[in-house]
DNA sequence: AGCGATTTGTACGTATGTATG
DNA sequence: CCATACATACGTACAAATCGC
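Chains as they are written, first to last, in the working numbering: chain A, 1 to 220; chain C, 1001 to 1220.
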């Protein structure tokens, strides 16, 4: 029951003209992405939410439905709704991700540093966007995912990403400070809904046995 | 009004235990993918469908909502619902493509054959899908793009593709009949709107200087 | 500019089906 | 068999964007 209070605390947003199901959805997203609710934890039932909060059953279902579609929540008849395992959640820092042997997703962050190999990335964006970013705590910028940051901090959703993959033999550049020479170079450009470029990013990846996953469904 | 008849004709499925919104959604998918309804064409309004057919407003909205999420339909308040423009509906031969130096897209087909290097691909699908495919003229299957074929011949639109890229050092397999050893291996899985897997495809790509393009916008 | 009519978007309340435990 | 909880479905109401008059 105190779960509902966690939602209540995150609701409002003064004079938000967002639809109720969006407000509710985002409150739950906040509770999950903040770490308040951890994977596997049981969420309030539809009925509980509808009775306790000023939302109808349909509104609750619409909010939950979006969370399911976006992979933050899993639901099962007769059992309940649960915070999805971290692996398919929105904190995916990348547009593409590495897969473990068992098909689970390996976490990678801008700074990364895996135990397996190092990836170097460069990030380019406009001043208007860079300014709010550099004001953020350094650890936040370096460990989180740019898409999520831009959405949360600047309300700027990325709706399209194009990426290129090169298997070129890039020279072992001292500039990149990599021990190994990159085997793959990925270049990604992110666009807003208006088609404007928001940022451009390069990844230098050494030889490795992992599989990179590209999914045509954009997830936050 | 005769648009609704086009839906009615595709409804049924005897004793289909699928939810009503799925039946309706698939009927509309059929009308679009068969070419009966062309891009830009106006769809029946929610009210029309709800009044004419045995569907409530909510059910119609749920069906339309899925079509919008999957890019087959665009809707606008006060204006109506429309078949999405062909531009977002694909004719690109691949899920990903090679770029020329000037940024233009190099055509690649299942059999390929670039002047630059050879790509070998394997295609896996169910019998139900394979049968109509093998009846097609061989040159058609080998030069065209599976997504387009499936859409045109079987009325089966692909709405989502996941791909993995491996830079692994695959052995120069005699089985693949490649002169050069593959440097990149791409594996792609294609899904219908219902989330069912339609086909699985592997690509073996030798070392080259080209850039592979992945675009998060699914285009037909 | 205003004023309806149309059409999608949101929201409510209710009812019933179905898988889980 | 029963209680729980999600899934589907219905009918209704109103808000908001669009278009034509």
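Even for Gly, the Cβ is constructed at its ideal location relative to N, Cα and C. In this text the structure is predicted, and so the values were computed from the model without any measurement.
Check, Outcome
"Straight-line gap, residue 1018 of chain C to residue 77 of chain A (C-alpha atoms, nearest Å)", "17 Å"
"Residue 1002 of chain C burial status per 10 Å Cβ neighbour count (16 or more: buried)", "exposed"
"First and last residue of the uninterrupted beta strand (DSSP E) at residue 1197 of chain C", "1197-1206"
"C-beta neighbour in chain C for residue 56 of chain A, strict 8 Å", "no"
"Residue 183 of chain A versus residue 1024 of chain C: straight-line alpha-carbon distance, rounded", "48 Å"
"Pair within 8 Å by beta-carbon distance, residue 1035 of chain C and residue 1010 of chain C", "no"
"Given residue 1082 of chain C as reference, the closest of C:1158, C:1160, C:1027 and C:1042 once Cα atoms are compared", "C:1042"
"Separation of residue 1020 of chain C from residue 58 of chain A, as counted between CA atoms", "17 Å"
"Burial state of residue 188 of chain A (16 or more Cβ within 10 Å)", "buried"
"Contact set between residue 1198 of chain C and chain A, taken where Cβ atoms lie within less than 9 Å", "Ordered by position in chain A, no residue passes the 9 Å Cβ test against residue 1198 of chain C, which lies about 13 Å from the chain."
"Cβ-based neighbour list, residue 1066 of chain C, same chain, cut-off 8 Å, excluding 5 preceding and 5 following", "1021, 1025 and 1193"
"Residue 1198 of chain C to residue 1164 of chain C span [Cα, whole Å]", "17 Å"
"Three-state secondary structure assigned by DSSP to residue 186 of chain A", "strand"
"Limits of the unbroken alpha helix (DSSP H) element including residue 1077 of chain C", "Per DSSP, residue 1077 of chain C belongs to no alpha helix (DSSP H) and is neither H nor E."
"Residue-level contact to chain A via CB, residue 1060 of chain C, 8 Å cutoff", "no"
"Distance CB(residue 203 of chain A)-CB(residue 124 of chain A) smaller than 8 Å", "no"
"According to DSSP, residues forming a beta bridge with residue 83 of chain A", "A:73"
"Residue 1004 of chain C versus residue 1052 of chain C: straight-line alpha-carbon distance, rounded", "8 Å"
"Closest by C-alpha distance to residue 45 of chain A, when choosing among A:71, A:7 and A:69", "A:7"
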